[in-house]
Each structure stands twice: as C-alpha cells, then as structure tokens.
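Enquirer: After the structure tokens below, expect a handful of questions from me.
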Amino acid sequence: MAKDRFHNAVRNALEKEGWTITADPYEVSVGDVDFEIDLAAEMLAAERAEEKIAVEIKSFIGGSNVSEFHTALGQFLNYQYALEEFDPQRKLYLAIPDSVYKSFFQRRFTRSVIARNQINLLVYEPKQEIIVQWQ
C-alpha cells in the first residue's frame, strides 16, 4: 500500500516525543482478511505500563474533505475492529493535519461522527514534524 504524503512527518513527530516505531507498516490479520495500518509504536513510561498505539495517517489533500473523511472513517472502523481481535492492548489513532483539524474537524457533523465512533485523533503539523495534540 502506498504511504501517505505526510507519513514520514508523523513518524518523525512520534519519535521526537519518545515513541519507538515497532512496525512500518503494521500488518494485522483477522481470519483471511489482511490489513496494513501505517505505523505501530510503543512507549515505556516509568510510572505506568507500556503504551502501544497504531496510527493511520491521513493528509486530506485530495479534492474533497468529505470524500477523504468517508475513506478515513471506514478504514479506522475496520482497523479498530481488527485490533480488538488481533492486538486488543493497542490503541488506534487517526492522524490528521492541524490545518484540517482546525477547519473540517470543527464542523458539527464531523465532531459528532468522531464522538459517536470514539475515534482517537492525533493532530500533527507536517512542516515542523510535531504532534500538536492527542484527542
């Protein structure tokens, strides 16, 4: 599967925050269905147990944010169900650019879909290669 345009920016941002990338891509199989989530990462924290995440990266640079959101939502839900079976300790995040978060993801409809489907967001700034917020 082709890597998203901002794949390396998100990977670098995670590493700057102390995450260790454990898979790029993270291959998940459930029965006879195979998935490739963009990244898997882990962080060891002294005061708590090891955290494990999977990150699906989206750039939203296509023609329609609505169309890109449909695709991202479908992928996220499929990956979330697959992880519940394959790796239930791993928390899935949808990585989106800060500019898209501040515009499209502030719309009432988008916020409602995110909340209803319990989608975890990782908001990144691609040029600076930093994570702006975890939500």
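To convert, note that position 71 of the sequence shown is 290 in our numbering; the numbers rise steadily by one, no gaps. Just so you know, even glycine gets a beta-carbon here, dropped at the ideal spot from N, CA and C. In this text, all values refer to a predicted model and were calculated from it rather than measured experimentally.
Would you check if the distance between the CB atom of residue 255 and the CB atom of residue 271 is smaller than 8 Å?
Expert: Going by C-beta atoms, residue 255 is not nearer than 8 Å to residue 271.
Enquirer: Assuming residue 223 and residue 257 make a contact with CB atoms under 8 Å, what is their CB distance in whole Å?
Expert: The pair is a contact, with the Cβ atoms about 7 Å apart (cut-off 8 Å).
Enquirer: Between the Cα of residue 188 and the Cα atoms of 290, 285, 264, which residue gives the shortest distance?
Expert: The structure shown does not extend to residue 188, since the chain spans only 220 to 354, so no value can be given for it.
Enquirer: Quick check on the DSSP output: the beta strand (DSSP E) that includes residue 337 runs from which residue to which?
Expert: Careful: residue 337 lies outside any beta strand (DSSP E) and carries neither H nor E.
Enquirer: Pick from 284, 239, 244: whose alpha carbon is nearest that of residue 264?
Expert: Looking at the Cα atoms, 239 is the closest of the given residues.
Enquirer: Use the C-beta contact count for residue 343: other C-beta atoms within 10 angstroms, 16 or more gives buried, fewer gives exposed.
Expert: The residue is buried, with at least 16 neighbouring Cβ atoms inside 10 Å.
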